[in-house]
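Number of protein chains: 2
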Amino acid sequence: MDIETAARCMEALGNSKRLEIVLLLVKAGPEGLPVGDIRQHLEIPGSTLSHHLLQLVGAGVIRQDREGRVLRCHPDFDQLNGLASMLFAECCTGITAEPSTAQAS
Amino acid sequence: MDIETAARCMEALGNSKRLEIVLLLVKAGPEGLPVGDIRQHLEIPGSTLSHHLLQLVGAGVIRQDREGRVLRCHPDFDQLNGLASMLFAECCTGITAEPSTAQAS
DNA sequence: ATTATATTTCGATTATTCTGGAATTATCGA
DNA sequence: TCGATAATTCCAGAATAATCGAAATATAAT
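These protein sequences, in sequence, are chains A and B.
Numbering follows this note's numbering, with no gaps: position 4 of the first sequence is 423.
Numbering follows this note's numbering, with no gaps: position 58 of the second sequence is 477.
And the structure:
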């Protein structure tokens with residue numbers, strides 16, 4: 420994952436409403452939840468929710484499948500995993516002169 | 420870590436310049452790097468860099484120690500770890516339907 | 001004390017995001 | 001077809017963020 424993409428994902432997660440949405444979906448598992456259920460949990464206007472969902476989809480953090488009238492939202496676990504592991508991918512690999520006791524992951 | 424804090428961290432990482440800074444510091448390890456070195460790597464004006472660093476410090480993603488004229492920046496590994504693991508902390512624990520007294524509209 | 005270096009703060013400008021009401025589209029059931 | 005439900009798009013104002021030159025601060029070296 421390149422930096423631009425990762426930053427876009429982080430930006431998508433960088434709003435407490437949107438983070439709540441994603442955590443809710445992660446909690447729900449691969450089946451995800453319909454937009455309406457998310458709305459009930461968060462208690463925000465539909466237009467605001469749509470706006471946030473659009474950003475999450477655009478960043479690739481969640482996906483959506485239509486099921487009739489209902490739009491079901493799932494987390495994209497691969498993307499989230501990629502994001503999390505990117506933070507430490509090149510951890511402590513260099514640019515330092517001193518012997519470093521590294522710790523991470 | 421509460422949602423507000425986590426969102427603030429994500430927001431801090433949600434800008435490609437700032438993400439670059441953090442990845443650079445993670446790469447450098449616990450010793451971190453002076454502001455001047457970061458500046459050389461990123462090639463952005465000092466005032467812009469300061470602005471970004473302030474946000475990273477404010478979010479708790481990095482820390483700074485003054486060493487004479489030089490201000491050394493380190494990643495906060497605990498915070499980053501906490502952030503990464505939060506994403507999956509309650510993964511797939513369920514929430515298919517909340518016992519809603521009101522019937523789903 | 002003077003000068004150079006490292007970094008920040010100030011201030012102003014431009015750009016982007018957040019928010020939610022109203023109107024709209026799409027789907028379903030009778 | 002009609003009416004209800006699910007969700008989006010459109011719009012616009014308010015709020016916030018990004019950018020960077022210039023001036024300021026703090027420390028060090030001479």
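Backbone N, C-alpha and C define an ideal beta-carbon position, used for all residues, glycine too.
Would the beta-carbon of residue i be found less than 8 Å away from any heavy atom of the ligand GDP?
{"i": "cysteine 511 of chain B", "result": "Of the ligands one can find in the structure shown there are none, so the ligand GDP has no counterpart to examine."}
Looking only at its own chain, which residues have a Cβ that is under 7 Å from the Cβ of residue i, when we skip the five neighbours before and after it?
{"i": "isoleucine 463 of chain A", "result": "Lys436"}
{"i": "glutamate 517 of chain B", "result": "For glutamate 517 of chain B, the predicted structure reports a pLDDT of 46, less than 50, and the residue's modelled location is therefore unreliable. The matter cannot be settled from this model."}
{"i": "glycine 501 of chain A", "result": "Met420"}
{"i": "histidine 460 of chain B", "result": "Leu443"}
With a cut-off of 9 Å, does the C-beta of residue i fall near any C-beta of chain A?
{"i": "proline 449 of chain B", "result": "yes"}
{"i": "threonine 467 of chain B", "result": "no"}
{"i": "glycine 513 of chain B", "result": "yes"}
{"i": "glutamate 423 of chain B", "result": "yes"}
{"i": "valine 441 of chain B", "result": "yes"}
{"i": "arginine 458 of chain B", "result": "no"}
{"i": "valine 445 of chain B", "result": "yes"}
{"i": "leucine 472 of chain B", "result": "no"}
Which term fits residue i, buried or exposed, when burial requires 16 or more other beta carbons within 10 angstroms of its beta carbon?
{"i": "glutamine 522 of chain A", "result": "Here glutamine 522 of chain A scores only 40 on pLDDT, less than 50, and its place in the model should not be relied on; the value that follows carries that caveat. Result: exposed."}
{"i": "arginine 458 of chain A", "result": "buried"}
{"i": "alanine 508 of chain B", "result": "exposed"}
{"i": "leucine 473 of chain B", "result": "exposed"}
{"i": "aspartate 421 of chain A", "result": "exposed"}
{"i": "histidine 471 of chain A", "result": "buried"}
With a threshold of 9 Å between beta carbons, is residue i in contact with chain B?
{"i": "isoleucine 481 of chain A", "result": "no"}
{"i": "glutamate 462 of chain A", "result": "no"}
{"i": "cysteine 492 of chain A", "result": "no"}
{"i": "leucine 432 of chain A", "result": "yes"}
{"i": "arginine 437 of chain A", "result": "yes"}
{"i": "glutamate 486 of chain A", "result": "no"}
{"i": "leucine 499 of chain A", "result": "yes"}
{"i": "leucine 506 of chain A", "result": "yes"}
{"i": "leucine 502 of chain A", "result": "yes"}
Verify whether the separation of the beta carbon atoms of residue i and residue j is less than 9 Å.
{"i": "alanine 426 of chain A", "j": "leucine 438 of chain B", "result": "yes"}
{"i": "aspartate 484 of chain B", "j": "arginine 491 of chain B", "result": "yes"}
{"i": "asparagine 434 of chain B", "j": "glutamate 430 of chain A", "result": "yes"}
Who are the near neighbours of residue i in its chain, counting only those whose CB is closer than 6 Å to its CB and skipping five residues on each side?
{"i": "arginine 482 of chain A", "result": "His493 and Asp495"}
Could you round the C-beta distance between residue i and residue j to whole angstroms and report it? I think they count as a contact, below 8 Å.
{"i": "leucine 432 of chain B", "j": "valine 480 of chain B", "result": "7 Å"}
{"i": "leucine 444 of chain B", "j": "leucine 452 of chain B", "result": "6 Å"}
{"i": "glycine 448 of chain A", "j": "glycine 513 of chain B", "result": "7 Å"}
{"i": "alanine 478 of chain B", "j": "cysteine 428 of chain B", "result": "5 Å"}
{"i": "leucine 506 of chain B", "j": "leucine 506 of chain A", "result": "11 Å between Cβ atoms; not a contact."}
If I measure Cβ to Cβ from residue i and keep anything under 8 Å in the same chain, skipping five residues before and after, which residues do I get?
{"i": "glutamate 450 of chain B", "result": "Arg491 and His493"}
{"i": "glycine 455 of chain A", "result": "Val489"}
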